[in-house]
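Novice:
Chains as they are written, first to last, in our numbering: chain B, 61 to 635; chain V, 34 to 684.
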């Protein structure tokens with residue numbers, strides 16, 4: 061997992077390496093300082109040798125500025141490396157995401173993909189920066205400071221060597237204890253967020269059933285359990301500080317006891333003794349750092365896992381090796397097609413579909429929610445692959461076409477359609493990036509969108525808000541149809557795309573299709589009988605199977621389901 | 034290990050919107066000082082003890098060298114090593130050890146007590162916030178994005194946590210340490226103290242400079258992060274459209290551009306943040322060296338007697354001890370500013386005006402004795418709930434002290450109602466209508482015509498500007514809101530289910546309902562069949578607004594939920610519009626059963642569902658333009674006729 065993530069470091073390898081190297085240099089300088097200081101005290105001040113004090117002082121200042129420079133430079137490189145790493149991670153994820161097939165997309169929840177690309181990347185970025193700076197700094201500091209203290213006096217250094225593991229074990233134990241509580245606590249946070257979210261979204265339900273007190277009770281109980289867990293976890297973590305303090309103090313006391321004897325015995329100088337205290341601080345502090353880093357890594361591990369899931373997801377549908385680059389015509393053939401969303405073929409979503417549509421035909425598709433209508437049409441532009449059998453367009457299996465070629469030739473207006481933030485023109489250009497104004501207006505006229513667009517003060521330059529919230533449902537659908545028309549496709553599929561359009565306008569759109577794109581094969585899924593009744597043939601899909609194929613009149617005469625749907629609508633009139 | 038809740042870095046906008054006012058600080062402190070005065074006192078004492086010990090710890094080296102090692106050394110040189118007596122040193126070390134012990138214990142206690150205080154305060158803040166949120170009018174939720182509201186509970190509370198449990202104690206202890214160290218320094222050597230102070234000012238100056246730069250870039254980083262996240266959100270939500278239009282490459286290009294920009298700003302922001310520490314640390318070090326240097330100079334060259342080796346050594350420690358809290362304070366400053374902004378946002382929510390409710394007419398159980406109604410206890414009513422003698426009644430205290438009871442029948446009348454959401458744009462004009470008990474009234478019209486608004490006025494989600502609404506001949510303003518809403522059932526187009534079992538969700542309509550009653554309601558709503566087929570039947574746990582169910586199934590549960598509440602008046606707001614016509618037929622049967630013997634207001638998308646209404650109101654731009662039953666409206670050949678024949682689009 062970590063390896064997969066590290067692949068995304070790429071051009072920032074240099075910075076990623078420089079940062080720890082520079083940090084190491086900084087550490088060396090920092091460790092040198094107390095050493096030089098002890099010399100300055102012992103040989104300079106003690107012996108009243110001002111020349112020596114000067115010499116050492118200057119040397120110390122040099123060390124210091126070097127340390128500052130190294131530190132600042134490593135900070136800079138670390139910033140570059142981590143921000144760059146995050147950029148590459150986002151880049152890799154987003155690019156892989158674009159190669160996802162529909163079934164890949166279905167696997168992840170939209171909100172979860174967004175979190176992975178945003179929050180999770182930020183977490184990993186922070187952890188990475190931490191690692192290349194401090195994860196290197198702390199152990200190196202530990203080692204160098206240890207070496208320096210051994211160099212000064214091995215006996216005293218042994219005290220440090222004895223205390224360090226005690227502290228380390230203590231810290232590790234504390235984190236080992238607290239970590240599961242934290243994990244549990246995060247889950248409870250999610251629970252709390254869920255309660256808040258449900259309340260904010262469902263406030264009308266809460267208020268109309270007068271359930272405020274009930275919800276408050278729910279919330280306060282989660283809130284309390286968060287408090288309880290937080291207290292437990294933090295109670296453990298709060299032993300860190302005192303443990304650290306106790307270690308430092310006991311080290312100091314032990315060192316003074318042993319040190320005093322050594323100094324009296326002339327085995328050590330006072331300067332050396334005082335530098336030992338500095339090393340004590342450095343060593344114990346870096347131990348603290350090490351344990352903090354371990355925590356950081358543990359926390360960001362979950363994020364790293366989620367990111368690598370996206371990176372490792374292999375697109376189900378890829379381009380064939382020698383793709384066919386041209387679609388001959390708009391004929392469609394389903395040969396004994398079976399299809400299910402999950403690889404386990406327990407429950408087929410579509411079964412035994414055998415159907416042949418000639419180029420230029422208009423085909424209506426009727427069926428209840430969940431009957432498999434959408435799945436059926438999504439096989440044509442190869443948004444999903446069949447489980448068994450084959451789908452041919454223009455006489456060639458869709459799996460043999462270049463993906464872009466087949467999708468450019470099969471335009472589909474999805475049921476759950478989306479407009480993007482940008483002007484109407486920009487949205488229309490999704491269909492054809494090079495569309496001229498005339499082409500756009502023509503497409504909009506067919507889709508019966510031109511009249512309302514022209515009525516906007518800014519016309520075709522009207523800005524569409526994210527999600528298309530500033531146009532009505534019917535207008536949105538017509539814009540989506542126009543967008544699809546601009547592709548100039550051989551096959552046009554409308555998946556319940558005129559449900560919010562009134563029947564009169566709907567009829568106009570159908571008329572436009574017949575008039576302007578007679579050669580295009582048109583598949584129209586609809587709830588409304590009136591949307592399909594003039595089609596060349598109508599397919600009734602029920603429970604994943606073709607129940608009947610025929611014209612409006614034939615079906616009305618022979619098909620129960622069709623009759624039922626027709627009756628349910630006739631009773632109240634259309635709309 | 035603070036939870037990585039992704040607290041937003043501070044930006045200038047926040048500061049501008051939420052200047053740190055004393056009022057805010059006071060209010061926040063009131064949460065702390067309210068219940069925890071004594072505990073806070075103990076914490077304060079602990080902090081003092083711990084800080085003083087740490088200052089002592091820094092003086093420790095001076096004492097060690099000057100008071101013990103040097104004399105011992107002299108002794109050893111004069112009388113030989115064997116004559117040296119270490120017992121006084123041992124005694125001193127023991128005393129210091131005890132002091133240090135106190136310090137450690139104080140530190141431990143401070144941490145333990147403070148965390149309990151801070152977690153309790155956070156719990157109180159969260160609970161108060163939620164409790165208050167529940168009292169807010171619907172208009173609050175209309176005008177605030179859900180994400181913003183949510184972030185009060187996560188980000189804003191988290192900034193508070195940081196401040197209360199970390200910044201606040203560390204500020205106090207820093208302040209004490211700074212003062213104590215300063216005293217220690219002055220006592221040890223005033224000449225060097227002046228130098229250290231000058232150095233510290235330089236440090237603070239640099240810190241401000243770099244911090245300011247860093248803040249500027251953080252704001253930029255935040256802006257481009259928002260940009261990138263927005264783009265991701267939009268593209269991921271429209272991923273299937275992207276596929277269908279083979280837009281992948283263009284999406285990649287656009288993303289790369291934004292991503293590159295973010296990287297640039299993030300790099301800059303982080304560079305400044307990263308170099309802050311080494312520069313600060315080393316200015317501290319420079320001070321450290323200068324102390325040694327100048328100290329040595331003073332001792333040797335100027336022969337200042339007061340400056341001994343011990344003085345210099347301990348002054349070095351003091352310098353470190355002085356510089357550390359100074360840089361800590363400045364680091365905490367940022368957290369405090371952020372927390373204040375967070376507190377500001379939290380208090381803003383808490384200060385939002387609650388729904389007003391001056392109602393005094395309440396809903397009670399009554400026993401019917403001929404025409405006479407006598408109030409009975411809930412237990413008694415529950416025990417006889419199938420008896421026709423026990424009914425709901427309005428308990429109406431009058432100005433003259435008398436008390437009347439009136440059986441709830443579901444008679445709703447609107448008289449010349451005008452309404453505007455914002456006081457500017459009027460959405461309803463002169464709406465009058467009478468719904469007699471058991472009648473079905475339908476509203477038809479385009480989106481924004483005012484259909485939902487009317488129902489929102491009946492249950493007082495909003496209060497009318499002008500006109501009157503009477504419920505069983507009582508002005509609804511006089512009825513307590515909770516009781517009014519208890520008497521109204523509602524099924525909305527957008528179904529909101531709650532995390533919990535199917536049974537819990539149905540019981541939401543009436544918390545006192547037994548399992549049997551819930552199942553009964555489900556049967557009535559035609560939901561029983563599919564619920565029985567769920568893996569765990571009624572115990573199936575629904576999450577994420579019932580994502581496991583189809584739209585139609587969720588709607589059926591919502592209908593069952595309303596059915597179990599058994600209210601005299603029902604409001605069905607586009608309850609079936611997102612279901613296909615065949616499924617709708619099934620749902621419709623459930624609805625019909627539900628509507629029997631009730632006053633019902635129906636808003637419908639498909640005219641088939643409203644055809645059998647007693648009266649149909651056609652709304653346009655807030656006016657009722659046509660009214661009557663289906664036949665008469667068709668005969669009128671007006672707007673309804675156009676809608677019916679499909680010549681006009683509803684949306």
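Glycine included, every Cβ here is placed at the ideal spot set by N, Cα and C. None of the values given here were measured: they were computed from a predicted structure.
In three-state DSSP terms, what is residue 526 of chain V?
Specialist: Residue state, collapsed to three classes: coil.
Novice: Can the beta-carbon of residue 172 of chain B be found closer than 7 Å to that of residue 376 of chain B?
Specialist: Not a contact, by the Cβ cut-off of 7 Å.
Novice: Do you know whose CA, among B/261, B/274 and B/396, lies nearest residue 447 of chain B's CA?
Specialist: The candidate whose alpha carbon is nearest that of residue 447 of chain B is B/396.
Novice: Consider the Cβ of residue 432 of chain B: report whether some Cβ of chain V lies at a distance smaller than 7 Å.
Specialist: No, its Cβ sits nowhere closer than 7 Å to a Cβ of chain V.
Novice: Here's the rule: buried if 16 or more other CB atoms are within 10 angstroms of the residue's CB, otherwise exposed. What is residue 233 of chain B?
Specialist: Per the 10 Å Cβ criterion, exposed.
Novice: Residues in its own chain within less than 8 Å of residue 48 of chain V by CB, not counting five upstream and five downstream?
Specialist: Reliability fails at residue 48 of chain V, whose pLDDT of 46 lies under 50, so the model's placement of it is uncertain and no value is given.
Novice: Are residue 642 of chain V and residue 587 of chain V close, meaning C-beta to C-beta below 7 Å?
Specialist: Not in contact: residue 642 of chain V and residue 587 of chain V (Cβ atoms no closer than 7 Å).
Novice: Let me make sure I understand the geometry here. Which of V/250, V/519 and V/349 has the alpha-carbon closest to that of residue 303 of chain V?
Specialist: Comparing Cα-Cα distances from residue 303 of chain V to each of V/250, V/519 and V/349, the minimum goes to V/250.
Novice: Give me the Cβ distance between residue 340 of chain V and residue 331 of chain V, rounded to the nearest whole Å; I'm assuming they're in contact under 8 Å.
Specialist: With 8 Å as the limit, residue 340 of chain V and residue 331 of chain V qualify as a contact, their Cβ atoms being about 5 Å apart.
Novice: Which residue or residues does DSSP assign as beta-bridge partners of residue 437 of chain V?
Specialist: DSSP, once it has assigned bridges, lists V/429 as partnering residue 437 of chain V.
Novice: Taking DSSP as the reference, what is the three-state secondary structure of residue 20 of chain B?
Specialist: This structure cannot speak to residue 20 of chain B, because chain B is shown only from 61 to 635.
Novice: Would residue 546 of chain B pass as an interface residue toward chain V - the criterion being a Cβ-Cβ separation below 7 Å?
Specialist: For residue 546 of chain B, the answer is no, since every Cβ of chain V falls outside 7 Å of its Cβ.
Novice: Within 7 Å of any Cβ in chain V, is that where the Cβ of residue 261 of chain B sits?
Specialist: Yes, residue 261 of chain B lies at the interface with chain V (some Cβ there is under 7 Å from its Cβ).
Novice: For my contact list, residue 524 of chain B and residue 487 of chain B are in at a C-beta cut-off of 8 Å; report their separation, rounded to the angstrom.
Specialist: Right, the Cβ-Cβ distance comes to about 6 Å (below 8 Å), so this counts as a contact.
Novice: If contacts are defined as beta-carbon pairs under 8 Å, then residue 181 of chain B and residue 367 of chain B qualify, I think. What distance do you get, rounded to the angstrom?
Specialist: With 8 Å as the limit, residue 181 of chain B and residue 367 of chain B qualify as a contact, their Cβ atoms being about 7 Å apart.
Novice: Show which residues of chain B have a CB atom less than 7 Å away from the CB atom of residue 289 of chain V.
Specialist: Result: 151.
Novice: Strictly by DSSP, which residues pair up with residue 424 of chain B?
Specialist: Answer is B/584 and B/598, bridged to residue 424 of chain B.
Novice: Between the region 99 to 116 of chain B and chain V, which residues of the former have CB atoms less than 7 Å from a CB of the latter, in chain order?
Specialist: Correct list: 100, 101, 104, 105, 106, 108, 110 and 113.
Novice: Spell out whether any CB of chain V is found under 7 Å from the CB atom of residue 523 of chain B.
Specialist: For residue 523 of chain B, the answer is no, since every Cβ of chain V falls outside 7 Å of its Cβ.
Novice: What did DSSP end up calling residue 409 of chain B once you bin it into helix, strand or coil?
Specialist: In the structure shown, residue 409 of chain B sits in coil (DSSP, three-state: anything other than H, G, I, E or B).
Novice: Would the region 82 to 99 of chain B and the region 259 to 275 of chain V be scored as touching if the rule is three or more Cβ pairs under 8 Å?
Specialist: No, because fewer than three Cβ pairs between the region 82 to 99 of chain B and the region 259 to 275 of chain V fall closer than 8 Å, the two stretches do not touch.
Novice: For residue 489 of chain B, count neighbouring Cβ atoms within 10 angstroms of its own Cβ and tell me buried if that reaches 16, exposed if not.
Specialist: Looking at its Cβ environment, which holds 16 or more other Cβ atoms inside 10 Å, residue 489 of chain B is buried.
Novice: Using the rule of at least 16 other Cβ atoms within 10 Å of the residue's Cβ for burial, across every protein chain shown, is residue 561 of chain V buried or exposed?
Specialist: Buried.
Novice: List the residues of chain V that residue 568 of chain B touches, going by C-beta distances under 9 Å, in chain order.
Specialist: Chain V residues near residue 568 of chain B: none, gap ~11 Å exceeds 9 Å.
Novice: Three Cβ pairs or more, each shorter than 8 Å: is that satisfied between the region 335 to 354 of chain B and the region 302 to 312 of chain B?
Specialist: Counting Cβ pairs under 8 Å, three or more are found: they touch.
Novice: Output, in chain order, the set of chain V residues within a Cβ distance shorter than 8 Å of residue 313 of chain B.
Specialist: Those are 126, 129, 130 and 133, listed as they occur along chain V.
Novice: What are the residues in the region 151 to 171 of chain B lying within 8 Å of chain V by C-beta distance?
Specialist: From the region 151 to 171 of chain B, only 151, 154, 155, 157, 158, 159, 160, 161, 162, 165 and 170 have a Cβ closer than 8 Å to chain V.
Novice: Could you check how far apart the C-beta atoms of residue 166 of chain V and residue 382 of chain V are, in whole angstroms? I think they sit under 8 Å.
Specialist: 7 Å between Cβ atoms; contact.
Novice: For residue 605 of chain B, report the span of its beta strand (DSSP E) as first-last.
Specialist: That run of the beta strand (DSSP E) goes 605 to 610.
Novice: From residue 650 of chain V to residue 671 of chain V, what distance separates their C-alpha atoms?
Specialist: Roughly 12 Å separates the two Cα atoms.
Novice: Strictly by DSSP, which residues pair up with residue 523 of chain B?
Specialist: Paired residue(s): B/483.
Novice: Based on the DSSP secondary-structure assignment, which residues constitute the bridge partners of residue 453 of chain V?
Specialist: According to DSSP, residue 453 of chain V bridges with V/459.
Novice: Spell out the partners DSSP gives residue 444 of chain B in its beta bridges.
Specialist: None; residue 444 of chain B has no bridge partner.
Novice: Got a sec: which bits of the region 271 to 296 of chain B sit with their beta carbon under 7 Å from any beta carbon on chain V, in order along the chain?
Specialist: Residues passing the 7 Å Cβ filter: 271, 272, 274, 275, 276, 279, 280, 283, 284, 287, 290, 291, 294 and 295.
Novice: Based on Cα-Cα distance, which residue from B/505, B/506, B/498 and B/472 lies nearest to residue 585 of chain B?
Specialist: Looking at the Cα atoms, B/472 is the closest of the given residues.
Novice: Nearest to residue 107 of chain V by alpha carbon, out of B/326, B/420 and B/348?
Specialist: The shortest C-alpha separation from residue 107 of chain V is found at B/326.
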